[in-house]
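S.K.: Would you mind keeping the following structure in view while I ask a few things?
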Amino acid sequence: MATTYTARDITVLEGLEPVRKRPSMYIGGVDARGLHHLVNEIVDNAIDEVINGYATRLEVTLSSDGKEIEVTDNGRGIPVDVHPKYKKSALELILTTLHAGGKFDQVNYVHSGGLHGVGSSVVCALSSEMTAVVRRDGHEWKQTYAQGRATSKVAKISGGEKVRGSGTTIRFRPDAEIFGKFSFDAQEIRERLEAKTYLHRGLRVVFLDETQKPPRRDEFTHEGGLADWLTHVVAQRGKGMTGGAFSLAREGEPRLELALVWTEATDEHVRSYVNGISTPSGGTHENGLRSGVTKAVRNYVETHELLPKGVAVTAEDIREGLVALLSAYVLEPQFQGQTKDRLNNPEVAAQVDGAVRPALEKWLNENPTLAEQIVSRIVLASRAREASRAAAREVTRKTAVSHRLNLPGKLADCSSTDPATSELFIVEGDSAGGSAKQGRDRHTQAILPLRGKVLNAEQANAAKVSGNRELSDIISALGCGVGADFDLGKLRYGKVFLLMDADADGHHISTLLLTFFWRHLPKLIEAGHVYLAQPPLYRIDAARETHWALDEKERDAILAKLPKNVKPEIMRFKGLGEMMPEQLKQTTLDPRRRRALKVIVPSALEAERVIGELMGKDASARYRFITERAKDADDLDV
Numbered sequence: 111m112a113t114t115y116t117a118r119d120i121t122v123l124e125g126l127e128p129v130r131k132r133p134s135m136y137i138g139g140v141d142a143r144g145l146h147h148l149v150n151e152i153v154d155n156a157i158d159e160v161i162n163g164y165a166t167r168l169e170v171t172l173s174s175d176g177k178e179i180e181v182t183d184n185g186r187g188i189p190v191d192v193h194p195k196y197k198k199s200a201l202e203l204i205l206t207t208l209h210a211g212g213k214f215d216q217v218n219y220v221h222s223g224g225l226h227g228v229g230s231s232v233v234c235a236l237s238s239e240m241t242a243v244v245r246r247d248g249h250e251w252k253q254t255y256a257q258g259r260a261t262s263k264v265a266k267i268s269g270g271e272k273v274r275g276s277g278t279t280i281r282f283r284p285d286a287e288i289f290g291k292f293s294f295d296a297q298e299i300r301e302r303l304e305a306k307t308y309l310h311r312g313l314r315v316v317f318l319d320e321t322q323k324p325p326r327r328d329e330f331t332h333e334g335g336l337a338d339w340l341t342h343v344v345a346q347r348g349k350g351m352t353g354g355a356f357s358l359a360r361e362g363e364p365r366l367e368l369a370l371v372w373t374e375a376t377d378e379h380v381r382s383y384v385n386g387i388s389t390p391s392g393g394t395h396e397n398g399l400r401s402g403v404t405k406a407v408r409n410y411v412e413t414h415e416l417l418p419k420g421v422a423v424t425a426e427d428i429r430e431g432l433v434a435l436l437s438a439y440v441l442e443p444q445f446q447g448q449t450k451d452r453l454n455n456p457e458v459a460a461q462v463d464g465a466v467r468p469a470l471e472k473w474l475n476e477n478p479t480l481a482e483q484i485v486s487r488i489v490l491a492s493r494a495r496e497a498s499r500a501a502a503r504e505v506t507r508k509t510a511v512s513h514r515l516n517l518p519g520k521l522a523d524c525s526s527t528d529p530a531t532s533e534l535f536i537v538e539g540d541s542a543g544g545s546a547k548q549g550r551d552r553h554t555q556a557i558l559p560l561r562g563k564v565l566n567a568e569q570a571n572a573a574k575v576s577g578n579r580e581l582s583d584i585i586s587a588l589g590c591g592v593g594a595d596f597d598l599g600k601l602r603y604g605k606v607f608l609l610m611d612a613d614a615d616g617h618h619i620s621t622l623l624l625t626f627f628w629r630h631l632p633k634l635i636e637a638g639h640v641y642l643a644q645p646p647l648y649r650i651d652a653a654r655e656t657h658w659a660l661d662e663k664e665r666d667a668i669l670a671k672l673p674k675n676v677k678p679e680i681m682r683f684k685g686l687g688e689m690m691p692e693q694l695k696q697t698t699l700d701p702r703r704r705r706a707l708k709v710i711v712p713s714a715l716e717a718e719r720v721i722g723e724l725m726g727k728d729a730s731a732r733y734r735f736i737t738e739r740a741k742d743a744d745d746l747d748v
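Sequential numbering from 111 applies to the sequence shown in the working numbering.
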C-alpha cells in the first residue's frame, strides 16, 4: 500500500482513454446489453438524418461471424473538410473526440437523439477496427480507426469519377479485450430495426444477416406508424382488446405520435421514445401521458355519470390493461445518463398531458359505444381491487412455503415442502376426504375436506368472506395470502385441484370455489395453478376389464364398443365417498392415470359476465338462462 499521496499520483485520461477504462459509464456495461448499445449509437445517428428530413433509407449488415456490424444511410454524409480550429477533418474529430458533433444547436438538426457528441466516438473507442466511408459532394472518402485512434488519413477513394448520392457507412468490430467472447444477436437487432420503421413513417430499413446460409434479407417499412405497431404489440401479448384503438399525431412542440388501447390484461404496458430513442425507464413524457389519460377518462365518466353507485375508480383502475406507444420529439431533451434510458425535462409532462387529455376525451365522446366498453372494463378493475383489498384487511396471511404453523386442523398435509411437486386437493365432504386421504401419495398430495357448499363470494361482503371458516381454511392452506398481501412465491402447492362429486351439486360447489378464486385470488388462476379433478361417474366391468366413464355420453360410447355377447355390469357412484381409496387413487389422484382440466380464462371480461350472471345478486339473468334452456332439463344429472 502506498504511504504517500502527491500530485504525481494523479492520472489524467486523455482522448478516448476514459471510455476504454470505464466503458460502463458510457454504454451501461460490457455485457450483451452494452454490446448492442454500440449498434444503437450508430443506427441512431443515421436515424437523426431521417428525423430531420435528410435520409429515407438505412441498411444494416451483420457479418458472417456475427462479430461485425455495418450501417449505411443515404443522408448528407458526415463532413470531411478540415476544421479551422482543430486542423483535423470533421470526420476524424467526430469519431475520435468526446463531445464533438453537430447537434449542440438546432441549426443542422432540429430534433436529435444524439446530443452529447459522445456516441460515435464511444463506439470507435471500444472497437478493434472501424471504417468510415462518406459519400458527399460527388466524391467518396474513407478513413480507418482502431481503439479510438485514426489509423489512416481521410482519403478520397472515388478518384476522378463522380459518385451519385450521399450518405455515410460505418463498419465496426467491437474489441474482444473489452467484451470478451461475444457475438451479436441477429433477432434482437432485427426487432429493433423494425421498431424504427414504426416510429418513422416512410423510413425503409434493410437488414442483411450473413450469419445464415444463404444470407437472410429483411426489409421493413410501416406507413401506418404507431397504429400498425400497436396492433402487433397487442397480438404479441395475447390479450384481447377492449373497445377500439385511439391514435394521435400532433405537430408543434413537442411533436407527438401516440397509439393506445385498453386490453384484458391486468397490467399497464407503455413503450416510450424521445427523438426516436427508446426510454425504457420512462420519464416526464410518460408521466404526462398517464396523467392525460387519467384526466380524460375521469372527465368523461363524471360528465356522463357512468359510475354505478358505490364504485370509486383510481388512476390505476383507469389504466389497468392499457397498452400505449408514445413517440415525442423534444428540442433540448435532458436524458438521464449517456444510455438515455429516461427523459428528465420537467416541462414535457405538462405539454404531453395538455395534448393527450382533450384529444382522448373528444374521441371518447365521439365513440360512445367504445367508451362504454372501456368504462365497463374500468369498473370491473375497481371492483376487483376493492374485493381484494377488503379481503386483505380481514384475512391474515397464514403461512409461507415451508412454514407449517397455523394450518387448518382438518388439512392432511403432504411431507414435501417443494411447491413444484406438491398438490392440494380440496375435497367435497369428510367422507370423500377420508377416501382421498387413504388413496393419496402422502409425500406430494395434501387433502383439505370441505363441509357442504361454501359461501358465494359474489354475493357476500368482505367481512362475510373473511369470516367464513371454509374459505379461511383454503387461504391458510395455500399460504400465499390474499388481496394486497398476495405473494405467488409463497404458494405451498404448485397444483390446486377441486375434487367434487360428478353431479350437479358437485359442479355447483366447484363453481362457488372458482368464483371465490376469481374474486380474491385471480392470479392463482392466471398463473395456471387451479385444476378441476374429474372423478368418474360410472364404473363398467365387462369381460374381465374395468372401464371408467366421466358421464352418460362416455358411458354410452364405451358400451357401444363392447362385443355384443358381453353383458356389462354398470355401477353409478352417488358420490366420492362411495369409491374405495384405491379406486379414487387409480382414477383421480394418480398423475399417471388421472384426467384433470386446467382452469384457463381466455377473456377476463367474459369471465366477469358469466360470474355476474350465474352468481350475482341480480336473479333476472339466471332466470333468463334457465327459461331458455328449460327443454334440456331432462338431461340434467340431479
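Quick reminder that beta carbons are idealized off the backbone N, C-alpha and C, glycines included.
Note that this is a predicted model, so its numbers are computed, not measured.
Less than 8 Å between C-beta atoms, sequence neighbours within five positions excluded: which residues of the same chain meet that for Ala265?
M.R.: Only Trp251, Lys252, Gln253 meet the Cβ criterion.
S.K.: Taking a contact to mean a Cβ-Cβ separation below 9 Å, would you say Arg704 touches Tyr648 in this structure?
M.R.: No; because the gap between Cβ atoms is not below 9 Å, this pair is not in contact.
S.K.: Rounded to the nearest angstrom, what separates Arg452 and Ala494 at their Cα positions?
M.R.: Cα to Cα, Arg452 sits roughly 32 Å from Ala494.
S.K.: Let me check one thing: in DSSP terms, what residues is Tyr439 bridge-paired to?
M.R.: According to DSSP, which records beta bridges pairwise, Tyr439 is partnered with Arg365.
S.K.: Label Asp528 either buried or exposed according to how many other C-beta atoms from any shown protein chain fall within 10 Å of its C-beta, with 16 as the threshold for buried.
M.R.: Asp528 is exposed by the Cβ-count criterion.
S.K.: For the stretch 243-310, list the beta strand (DSSP E) runs that are entirely contained and at least 3 residues long, ordered along the chain.
M.R.: List check, beta strand (DSSP E) in window: 249-256, 277-284.
S.K.: Taking just the CA atoms, how far does Glu442 sit from Lys177?
M.R.: Rounded to whole angstroms, Lys177 to Glu442 spans 35 Å at the Cα level.
S.K.: Just verifying my parser: in three-state terms, what is the DSSP assignment at Phe317?
M.R.: Residue state, collapsed to three classes: strand.
S.K.: Would you call the stretch 179-189 and the stretch 152-170 in contact, with 3 or more CB pairs under 8 Å?
M.R.: The stretch 179-189 vs the stretch 152-170: in contact.
S.K.: Taking Cβ positions, are Leu642 and Val709 nearer each other than 9 Å?
M.R.: Contact: yes.
S.K.: Taking the alpha-carbon of Arg245 as reference, which of Gly638, Ile188, Ile584 has the nearest alpha-carbon?
M.R.: Closest option to Arg245, Cα to Cα, is Ile188.
S.K.: If you follow the alpha helix (DSSP H) that Glu536 is part of, which residue opens it and which one closes it?
M.R.: Reading the sequence as shown, one finds Ile at residue 536 and not Glu. From DSSP, Ile536 is part of no alpha helix (DSSP H) but of the beta strand (DSSP E) over 533-538.
S.K.: Leaving out five residues on either side along the sequence, give the residues of the same chain with a beta carbon under 8 Å from the beta carbon of Ser238.
M.R.: Excluding residues within five positions, the ones whose Cβ falls inside 8 Å are Ala256, Gln257, Arg283, Pro284, Asp285, Ala286, Glu287.
S.K.: Quick check on DSSP: helix, strand or coil for Ala495?
M.R.: Residue identity check: residue 495 is Arg in the sequence provided, not Ala. Note: Arg495 maps to helix in three-state DSSP.
S.K.: If you draw a straight line from the alpha carbon of Gly420 to that of Val489, how long is it in whole angstroms?
M.R.: Rounded to whole angstroms, Gly420 to Val489 spans 11 Å at the Cα level.
S.K.: Asp377: which of Arg429, Glu329, Arg327 sits nearest, CA to CA?
M.R.: Looking at the Cα atoms, Arg429 is the closest of the given residues.
S.K.: So, are the CB atoms of Arg550 and Ala556 less than 9 Å apart?
M.R.: Closer than 9 Å, so yes.
S.K.: Please classify Ile267: is it buried, with 16 or more other beta-carbons within 10 angstroms of its beta-carbon, or exposed?
M.R.: Result: exposed.
S.K.: What are the boundary residues of the beta strand (DSSP E) that includes Gln555?
M.R.: First-last of the beta strand (DSSP E) with Gln555: 555-560.
S.K.: Should Pro456 be labelled buried (16 or more other beta-carbon atoms within 10 Å of its own) or exposed?
M.R.: Pro456 comes out exposed.
S.K.: Kindly identify the DSSP beta-bridge partner or partners of Lys708.
M.R.: Its beta-bridge partners are Tyr641.
S.K.: When the Cα atoms are used, what is the spatial distance from Phe330 to Leu303?
M.R.: Cα-Cα distance, rounded: 8 Å.
S.K.: Examine the Cβ distances between the stretch 126-139 and the stretch 273-282 and report whether three or more of them are shorter than 8 Å.
M.R.: With the cut-off at 8 Å, the stretch 126-139 and the stretch 273-282 do not touch.
S.K.: Looking at the structure shown, is Ser173 part of a helix, part of a strand, or coil, going by DSSP?
M.R.: Coil.
S.K.: The alpha helix (DSSP H) spanning Met725 covers which residue range?
M.R.: Start and end: 714-725.
S.K.: Buried or exposed, going by whether 16 or more other CB atoms sit within 10 Å of the CB of Thr394?
M.R.: The residue is buried, with at least 16 neighbouring Cβ atoms inside 10 Å.
S.K.: What did DSSP end up calling Ile387 once you bin it into helix, strand or coil?
M.R.: Strand.
S.K.: For Val407, which of helix, strand or coil comes out of DSSP?
M.R.: Three-state DSSP puts Val407 in a helix.
S.K.: According to DSSP, is Arg552 helix, strand or coil?
M.R.: Three-state DSSP puts Arg552 in coil, outside helix and strand.
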